[in-house]
Amino acid sequence: MKNVVNNSSPGLTHINQKGEAAMVDVTEKAITQRAAVATGKVSMSPATFELIVAGEHAKGDVLAVARIAGIQAAKKCADLIPLCHPLMLSKVQVDFEPDPIRHQIKVKALCKLAGKTGVEMEALTAVSVACLTLFDMCKAVDPEMIISDIMVNSKTGGKTGNWQHSKVGEVPE
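Count along the sequence shown from 1, then add 316; that gives the number in our numbering.
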């Protein structure tokens, strides 16, 4: 195995001097207000879309279950992503925006806290699991659904300050 050395490159913060995976030390970082927004989409057949938005799916309120799944997922992010710090989230919000023209459900997650590290991974995890839950609940009626465009849209706080994805507004809504 090649021995990779991290020369303090900001792109390799989870690699130590020996090239091994390492959790970033945030001990000396300041506690700041931080937030992140992530989005994703689930595309489906018109019939599946109508079942979901009308609340007529045989399994019940698909969006309510996906919302709870997304919130739970954000809280469990450190259990799923090996080098993520366990965080004390102060807010997790998962919302859905049905698009009747494209037969898509846009999923949006907001995660917030006052802490020493960002919440981008928690927002991404919330969106991903909410999308997966939509798929799981509807796969029997529509196995050809497509999950796409999962991304961090923006983040605030921390040493690097506020940031917005360069593609926000370019990805079809």
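Beta carbons: idealized from backbone N, C-alpha and C, even for Gly.
Is the separation between the beta-carbon of residue i and that of residue j shorter than 8 Å?
i    : j    : result
K407 : E413 : no
V410 : I387 : yes
T364 : V457 : yes
M339 : M461 : no
H481 : T433 : no
A442 : A380 : no
F451 : I466 : no
T449 : A394 : no
Measure the C-alpha to C-alpha separation of residue i and residue j and round it to an integer number of angstroms.
i    : j    : result
A430 : K475 : 13 Å
L403 : D341 : 14 Å
C447 : Q333 : 37 Å
P416 : I331 : 45 Å
Q420 : L440 : 18 Å
V435 : I397 : 13 Å
A346 : T329 : 18 Å
P362 : E344 : 52 Å
L367 : R418 : 15 Å
A382 : G376 : 11 Å
Taking all protein chains shown into account, do 16 or more other C-beta atoms lie within 10 angstroms of the C-beta of residue i, making it buried, or fewer, making it exposed?
i    : result
M317 : Note that M317 has pLDDT 33, beneath the 50 cutoff, so the model's placement of it is unreliable and no number is given.
G356 : buried
Q349 : exposed
E337 : The sequence as given places Ala at residue 337; Glu does not occur at that position. Its Cβ having fewer than 16 others within 10 Å, A337 is exposed.
V321 : Only weak support is given to the placement of V321: the predicted model assigns it a pLDDT of 38, under 50, and the value that follows is read from those uncertain coordinates. Classification of V321: exposed, given that the 10 Å Cβ count is below 16.
K483 : exposed
G371 : exposed
G473 : buried
K455 : exposed
A374 : exposed
Under the assumption that residue i contacts residue j (Cβ atoms under 8 Å), give the Cβ distance between them as a whole number of angstroms.
i    : j    : result
N283 : A354 : No information on residue 283 is available, as it lies outside the stretch 317 to 489 that the chain covers here.
M453 : V369 : Not confirmed; about 14 Å, so no contact.
E438 : L405 : 6 Å
Is any heavy atom of the ligand ATP found at a distance shorter than 7 Å from the C-beta of residue i?
i    : result
N332 : Within the structure as shown, the ligand ATP is missing, as the structure has no ligands at all.
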